[in-house]
C-alpha cells in the first residue's frame, strides 16, 4: 500500500489521500491480510510500516519533495517482488516506475486529476495498472476502471448529534474550486453564521475574496482544525456547505459531516449527487439562490438518516468490501486488458497532444455566480 | 544513453547536458557500438533514437516537465533488458528507478549537484549505479567515482582564428554563480568591450545587476546565440571571461573558446584549473583585480596552443576513450562495490539529515567582490 507523503498516515489534520490509504491498509489488516504500508516515518500503523522519509513533506520545508517522492516510490518498487499486489494511492508517478517491472498486479486509486497533462501518464500506465475511481463522476473517458471505490470513514470516530446546530460550516482548503466564497455568500444572504476551518492553498484567492469577509462573528475563521475540534465543529453545525465550482471528485468532509448527523448543502455536480441523497441527507443546489432558499429547510432533515446513510454506504468496511472485490479481480486478470478502440479515440490528451485549456482559477462558473 | 530533455540532442543553442549526451552517444556509435539514444523526438542521431517527448521541455511551455521527465525515464527502464549498459546523463531521478531493477550495469555521469538535497538520491543510488564526475573538483566526498570523464567537443566545429580579437566575451546563463557582473566589471576597468551571449535564468539578477549596464557599445548583449553566431563570437574574441562565484563543475564554453584559439580569463577555483593551463591557454585569477591586470597580457598568448590543448585533452575522441574505460570497468564489476566506512562517514546529507545551508544566490564571494 503506497501512501502519499505530504502528511503522516493517518494525518493529524488535513491529508485526505493519506487518510484513505491508511483506512484501506488498516481495514485490510483487520480482515487478516498481510499489509505493508509505505508512508512517512512518523505514521502509525499496526501492520508493517516502510518509510524512507522521516516526516510529512508539508511538515518540514527542509525536505526536498521531488527527491523524497522519488525515493519513496523507488523503495516500494525495489521491494515489489515481496508483494502479491500493489495498491497505489500516490497518483501517477508510480505508474512510470511500474512500466519497467515484471512485478505483481497493481491497482491505482485515482484520487483526482490535478491537470489534464497528467493524463499522459495515466494513459501510458494503463498498460500496467488497473484503475479505481473514487466516484462514478470522476472518471476519465479514455480510461478503463476496475471499480468505483468510494472513500470510507469510521462513523464511530464522529460524534452523532441529533439536534441541528445554528451555524453553517466550511471545511477544506482555500481554493476557488472549493467555493469558500460561495459558502460566505450563502450564509450572509440566509442570515446564519458561517464557521470556516481550512488550510491555505490559493493565497491570492484567500487574500482578495475571503479574508476581507472574516469578521469573527458572522464569518469566523478557525484555522486548520484537527481531530477533536473538527468533530465538534461538524457535529454542532446546521449543515456543511460544499458549493464547489468545479466537479468534486469525492468529498470526504461531506461524509464526515453526515456521520455527525449534519446534512450537506452541496452543488449539484461532480460526485456530490452520488454522496448526498437530495432532500434526505442534504440538498443538491444548482446555484447560490437555490442554496440560500434551502437553508431554512435544513433543520427539518432527519439527522439520524444522515448518519445511517454513511454507515450503509461510506463506512470503512463498505470501502474494504469494494477494494477486496477490485483486488480479487486484479489478482485474477494479473494485467489490465487492452483498451477498446473507443477508449483510445476519446483520449484527448495523448502524449503528443497539447493539453486542452485548463485554468488553475476556474472561470466565472455558469451556474454558481461569484458575488 | 539517457539524455536530458530540456532541449533536443544535440541542442541548437544552449543545452550542455544534451550536448554531452549526444557527443558520447555519437562518438560510441562511430566506434561501432550499437547505441540507442533516449532523447526528445526532434533530436537528430544517426544511431537509434527513442523518444516519448516530441520536443524539448524548454521549447514548449505546454509540456508538463514532471510528467514527461518520468515517462522519458520510465521508457528507458521499460526497455532496460535490451541493453548491455545504461549511461545516464539525466541526473538523480533515474537512480530511483534503477534501484528496483535487476537490469544491466549503469553508469551515471554527474553533471552537477543542483542542491545538497539531491545527494540523498545519489547516496541511495550508489548501491546500484557507478558514477563519473566531469572534473576532479566536482566530486562529492561521500561518493565513489569510477572515472573523471571530462566533456569533449569536436574542435573542427569551431573556427580557429590565430589573430587575437579586441573584445572580451561572456557565454552562458544569467546567474550570479556564472559571474556575468564580474565580467562586466573586469571589461569596464580594463577598458575593453564585452559581448554577452546568454540565456535567462535568474531574472532579478539580470534586471538589477546586468541590464542597467548594457549600453550596446562597451557592454553588448547579443541574446542567446546559436551555432554559427556562437562560433563567430568566440573565434573573434580576445578572451572568454569565466569568473564564476561558485566552483565551476566543468565549463563547456571554455573549451569551445580555446578550440577557436581564444584564451580563458577564469576564476582559480572549481574545475577551471583542470581545464585552463595558467599562462598558456589563459589566466587563473583569484579576484577581479588580478583579472583586470591580466587583460593586457591576453593578446600575447599563443592561440594555437589553446586549440592544441583542446585537441589533446578535451576532444570528443579523448572523452570517448575515457568513457570506454569507465564502461569497460562497469561491465566487469557489474555492480558498484560497497562504499568504504570513510565515505559513509563523510555523507553529510544522508536521507535523515537536514540539508546544510545552501543559498540559491551565493553570498558575497570571499575572493571575488561584487562591484
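Residue numbers (the numbering used here), protein chains in the order written: chain A, 1206 to 1576; chain B, 1206 to 1576. Idealized CB from N, CA, C, for every residue including glycine.
The beta carbon of residue 1216 (chain A) lies closer than 7 Å to those of 1223 and 1224 in the same chain, with the five residues before and after it left out. Taking C-beta atoms under 8 Å as the contact rule, residue 1312 (chain B) and residue 1335 (chain B) qualify, at a distance of about 5 Å. For the stretch 1250-1275 of chain B, the set of residues with a beta-carbon nearer than 7 Å to any beta-carbon of chain A comprises 1257, 1259, 1267, 1269, 1272 and 1275, in chain order. Contact between the stretch 1391-1398 of chain A and the stretch 1418-1432 of chain A is present: three or more C-beta pairs spanning the two stretches fall below 8 Å. Close to residue 1278 (chain A), with beta-carbon spacing below 8 Å, are these residues of chain B in chain order: 1301. Contact of residue 1323 (chain B) with chain A is assigned, a C-beta pair being separated by under 8 Å. Cβ-Cβ distances below 7 Å link residue 1463 (chain B) to 1469, 1486, 1511, 1512, 1514 and 1515 in the same chain, with the five nearest sequence neighbours on each side left out; the list follows chain order. At the C-beta level, residue 1442 (chain A) and residue 1373 (chain A) come within 8 Å of one another. Residue 1258 (chain B) is a Cβ neighbour of residue 1245 (chain B), given a cutoff of 8 Å. Put simply, the CB of residue 1243 (chain B) is far from chain A, with every gap to its CB atoms at 8 Å or more. Annotation: residue 1409 (chain A) to residue 1286 (chain B) spans about 49 Å, alpha carbon to alpha carbon. In summary, residue 1428 (chain A) is exposed, with fewer than 16 beta-carbon neighbours lying within 10 Å of its beta-carbon over all protein chains present.
In this structure, residue 1358 (chain A) and residue 1446 (chain A) do not form a Cβ contact; the two beta carbons are roughly 19 Å apart against a cut-off of 8 Å. When 7 Å is used as the limit between beta carbons, residue 1283 (chain B) is near these residues of chain A: 1304 and 1305, in chain order. Around residue 1218 (chain A), the same chain offers 1429 and 1431 as residues with beta carbons nearer than 6 Å, after the five sequence neighbours per side are excluded. A straight-line Cα-Cα distance of about 9 Å links residue 1280 (chain A) and residue 1243 (chain A).
With a threshold of 8 Å between beta carbons, residue 1543 (chain B) makes no contact with chain A. From the beta-carbon of residue 1329 (chain A), the residues of chain B found nearer than 7 Å are 1276. The Cβ-Cβ distance between residue 1466 (chain B) and residue 1375 (chain B) does not fall below 8 Å.
Exposure of residue 1540 (chain B) is indicated by the presence of fewer than 16 other C-beta atoms within 10 angstroms of its C-beta.
Residue nearest to residue 1406 (chain A) within the set A:1413, A:1414 and A:1378 is A:1378 (criterion: CA-CA distance).
For the stretch 1399-1415 of chain B, the beta-carbon criterion of a distance under 8 Å to any beta-carbon of chain A is satisfied by none of its residues. Check the Cα spacing between residue 1415 (chain B) and each of B:1385, B:1276 and B:1495: the tightest is with B:1385. Excluding five sequence positions before and after residue 1338 (chain B), the CB atoms of its chain that fall closer than 6 Å to its own CB belong to 1315, 1344, 1350 and 1353, given in chain order. Runs of the beta strand (DSSP E) lying entirely within the stretch 1388-1462 of chain A, each at least 3 residues long, are 1399-1404, 1424-1426 and 1444-1447 in chain order. Between residue 1326 (chain A) and chain B, the shortest Cβ-Cβ separation is below 8 Å.
Taking a C-beta distance under 8 Å as the contact criterion, residue 1329 (chain B) and residue 1276 (chain A) qualify as a contact pair. By alpha-carbon distance to residue 1403 (chain A), the top candidate from A:1371, A:1438 and A:1393 is A:1438.
In the DSSP assignment, residue 1292 (chain A) falls within the unbroken beta strand (DSSP E) covering 1291-1293.
If you look at residue 1524 (chain A), you'll find it in the alpha helix (DSSP H) that goes 1521-1538.
Residue 1466 (chain B) sits in coil when the DSSP states are folded into three classes, being neither helix nor strand.
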